[in-house]
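What follows is a single structure, written as structure tokens, with notes after it.
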Amino acid sequence: MQPPLKKETNTGMTKVKLAIRNEVNGLPCYEFRLNLGKIGSVRIAFTVYNDLATIRVVLVKSF
Numbered sequence: 018m019q020p021p022l023k024k025e026t027n028t029g030m031t032k033v034k035l036a037i038r039n040e041v042n043g044l045p046c047y048e049f050r051l052n053l054g055k056i057g058s059v060r061i062a063f064t065v066y067n068d069l070a071t072i073r074v075v076l077v078k079s080f
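Below, the structure written as structure tokens:
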């Protein structure tokens, strides 16, 4: 999953949106979706503090 994450970071995280209205540990929680081909669609929820992203949830949906 690392190459798609690097690509999203390099393109300015344009697919990122607010995941929930409530904060997680005082921080906004964001999410974005990646299509990983055979693995399927992946949703990643994360928080950011001091330029460090902490992944909170990874959901995989295969078709």
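Residue 18 is where the sequence shown starts when you use the numbering used here, and the numbers rise one by one after that. For glycine and all other residues, C-beta sits at the position ideal for the given N, C-alpha and C. Keep in mind the model is a prediction, meaning the values are calculated, not measured.
Rounded straight-line distance, which links the Cα of residue j to that of residue i
| i | j | result |
| --- | --- | --- |
| P20 | G43 | 29 Å |
| N67 | T26 | 16 Å |
| T31 | I56 | 22 Å |
| I37 | I61 | 13 Å |
| Y47 | K24 | 17 Å |
| E40 | V59 | 22 Å |
Residue-level contact to chain C via CB, residue i, 8 Å cutoff
| i | result |
| --- | --- |
| N67 | Structure shown: chain C not included; a single protein chain is present. |
Per-residue DSSP class, three states only, for residue i
| i | result |
| --- | --- |
| T31 | coil |
| E48 | strand |
CB of residue i within 8 Å of CB of residue j, strictly
| i | j | result |
| --- | --- | --- |
| L53 | P45 | no |
Residue range of the beta strand (DSSP E) that includes residue i
| i | result |
| --- | --- |
| K78 | L69 to K78 |
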